[in-house]
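Trainee: One structure coming up, written as structure tokens, with questions to follow.
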Amino acid sequence: MNPYLKQYEWSNIGAMLKNNKATPKQESKDFSGNLVVITGATSGIGYETARLYASHGAKLLTINRSLDKSKALKQEIEAEFHVPCDYFIANFSQIKQIQTAANMLASLDQDIAVIIHNAGVYNTKKTFTVDALEECFQVNYLASFIINFRLKEKLRKQEHARILYVNSEGHRFALAGLRLDDLNWERYHYTGLKGYGSSKTAQLLSMFQFANYFLDSGVTINAMHPGDVKTNMGENNGPVYKLFKHFLINPSSKPPVLSAQALYYLGTSKEVEGITGKFFNFTTLEIPAPHALDETAAEKLWKKSVELGELSWT
Ligand SMILES: NC(=O)c1ccc[n+]([C@@H]2O[C@H](COP(=O)([O-])OP(=O)(O)OC[C@H]3O[C@@H](n4cnc5c(N)ncnc54)[C@H](OP(=O)(O)O)[C@@H]3O)[C@@H](O)[C@H]2O)c1
17 MNPYLKQYEW
27 SNIGAMLKNN
37 KATPKQESKD
47 FSGNLVVITG
57 ATSGIGYETA
67 RLYASHGAKL
77 LTINRSLDKS
87 KALKQEIEAE
97 FHVPCDYFIA
107 NFSQIKQIQT
117 AANMLASLDQ
127 DIAVIIHNAG
137 VYNTKKTFTV
147 DALEECFQVN
157 YLASFIINFR
167 LKEKLRKQEH
177 ARILYVNSEG
187 HRFALAGLRL
197 DDLNWERYHY
207 TGLKGYGSSK
217 TAQLLSMFQF
227 ANYFLDSGVT
237 INAMHPGDVK
247 TNMGENNGPV
257 YKLFKHFLIN
267 PSSKPPVLSA
277 QALYYLGTSK
287 EVEGITGKFF
297 NFTTLEIPAP
307 HALDETAAEK
317 LWKKSVELGE
327 LSWT
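Heads up: the sequence shown is residues 17 to 330, going by my numbering.
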């Protein structure tokens, strides 16, 4: 029996369907001189978000896996918007590379105004990283955890910082919650939706823990669903999924610049100041599924993530 079923509020599902159609709020303020860190800025939502922040004067530091795409992005943004767009190469399928990126960020002298955890992957087939972890869990969740964990002291010392997770309504697909005892799907049957949903559930569970950690500081952490937008997400899968995506998903998908506008609003607007530990659908506050609000699971996940990321409190 699914332990979360009786906690389901069907009105929350109704709210989600309504919020999907709501017009997102926008912000147009200048953000000159502020450092913004974006992971996975070489495509889709991350790319549009990098452009939008740069167009408002932000200095960018992007963390990507492709050197060629990072160089092209730097060239494009610096020529068009006249702001620095530095990059750091890290493939989140390797924990060592995530740790190196996290250590680099922690050693920066400059304050980080906004950090956007955007890099993500969707796999229809169970796929493992070089660290022998299911790839969605590592790339979509564990990377953001390791980076936040390594950055937490630096951020606390700052006057302000906003951490944003590009999460997903897809967290709802992990109906039975995060299977902490079977992260590699050896006992339970893997599907793309369950693997992806679990990784986004893990991100939400960790958000509540980090929000508690940052409670009496100037740091906020929030998650958002960026809409159903047309990007390269899922293009790494086989021909059947790609046909499904191109003919059934893409025609109704929105442009990713809408996600970027929501991320600019959530990262800069005064209206969001002090709001922390919340989930937004675009820019509308929403209640996540019950399994993503399970405090016991969140505590266990925190411990497991510290262990997997080879992190320590010292
Ligand atoms: N599109 C949607 O409708 C939708 C809906 C809900 C949530 N989201 C979320 O939005 C975020 C951005 O996705 P998107 O839709 O913009 O897809 P996308 O176009 O495929 O962009 C994904 C980004 O993540 C990077 N990435 C993938 N695997 C990586 C790895 N192992 N290490 C480092 N970077 C990696 C990609 O790098 P490359 O350029 O090198 O491939 C790319 O920059 C994801 O977290 C996704 O779950 C998207």
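Every residue gets a Cβ at the ideal spot worked out from N, C-alpha and C, and that includes glycine.
Just so we're clear, the structure is a prediction, and the values are computed from it rather than from any experiment.
#1: By the DSSP assignment, the alpha helix (DSSP H) with Glu-96 in it spans what residues?
#2: Take Lys-261 and list the residues in its own chain whose beta-carbon comes closer than 6 angstroms to its own, dropping the five residues that flank it on each side.
#3: Relative to ligand 1, is the shortest distance from any of its heavy atoms to the C-beta of Met-120 smaller than 6 angstroms?
#4: Would Val-52 pass as a contact of Tyr-69 if the rule is Cβ separation under 7 angstroms?
#5: Determine, using beta carbons only, whether Ala-122 and Gln-225 come nearer to each other than 7 angstroms.
#6: Note down the Cα distance separating Gly-243 from Ser-184, rounded to an integer number of angstroms.
#7: Less than 6 angstroms between the CB of Ile-61 and some heavy atom of ligand 1, yes or no?
#8: Between which residues of its own chain and Thr-145 is the CB-CB distance below 6 angstroms, once the five residues before and five after are set aside?
#9: Buried or exposed for Asp-310, please, with buried defined as at least 16 other CB atoms from any protein chain shown within 10 angstroms of its CB.
#10: Going residue by residue through the segment 117–198, where are the continuous alpha helix (DSSP H) segments of at least 4 residues, counting only ones entirely within it?
#11: With a threshold of 6 angstroms, establish whether the CB of Gly-211 neighbours any heavy atom of ligand 1.
#12: Nearest CA to the CA of Lys-41: which residue from Pro-271, Gly-49 and Ser-285?
#13: Rounded to a whole number of angstroms, what is the C-alpha to C-alpha distance between Ala-117 and Thr-236?
#14: Any idea if Ile-29 is buried or exposed, counting beta-carbon neighbours within 10 angstroms, 16 or more meaning buried?
#15: Once you ignore the five residues that flank Leu-167 on each side, which residues in its own chain have a CB closer than 6 angstroms to its CB?
#16: Quick check on Leu-327: does DSSP put it in helix, strand or coil?
#17: Give me, in chain order, the residues of the same chain whose beta-carbon lies closer than 7 angstroms to that of Tyr-24; leave out the 5 immediate sequence neighbours on both sides.
#18: Does the beta-carbon of Asp-147, which I'm using as the reference point, lie nearer than 6 angstroms to any heavy atom of ligand 1?
#19: Could you check whether the segment 94–101 touches the segment 271–284, counting it as contact only if at least three pairs of C-beta atoms, one from each stretch, sit closer than 8 angstroms?
#20: So for Phe-226, helix, strand or coil by DSSP?
#21: Taking all protein chains shown into account, do 16 or more other C-beta atoms lie within 10 angstroms of the C-beta of Thr-140, making it buried, or fewer, making it exposed?
#22: What are the boundary residues of the alpha helix (DSSP H) that includes Glu-64?
#23: Just to confirm, are Ser-86 and Tyr-103 a CB contact at a threshold of 7 angstroms?
#24: Between Ser-222, Leu-231, Ile-114 and Gly-211, which lies nearest to Phe-295 when the distance is taken from Cα to Cα?
#25: Which residues in the same chain have their Cβ closer than 6 angstroms to the Cβ of Ala-204, if we skip the five residues on either side of it in sequence?
#26: With a CB to CB cut of under 6 angstroms and the five nearest residues on each side skipped, what residues in its chain are close to Glu-43?
#27: With DSSP as the reference, please indicate the residues paired to Asn-80 in a beta bridge.
#28: Assign Ala-276 to one of two classes, buried (16 or more other C-beta atoms within 10 Å of its C-beta) or exposed (fewer than that).
Mentor: Looking at the coordinates:
#1: 83–97
#2: Gly-250
#3: no
#4: yes
#5: no
#6: 8 angstroms
#7: yes
#8: Ser-109, Glu-151 and Gln-154
#9: buried
#10: 159–173
#11: no
#12: Ser-285
#13: 21 angstroms
#14: exposed
#15: Leu-121 and Ala-122
#16: coil
#17: Pro-306
#18: no
#19: no
#20: helix
#21: buried
#22: 60–71
#23: yes
#24: Ser-222
#25: Correcting the residue identity first, residue 204 is Tyr in this sequence and not Ala. So the qualifying residues of the chain are Arg-195 and Asp-198.
#26: Tyr-280, Tyr-281, Thr-284 and Ser-285
#27: Ile-105
#28: buried
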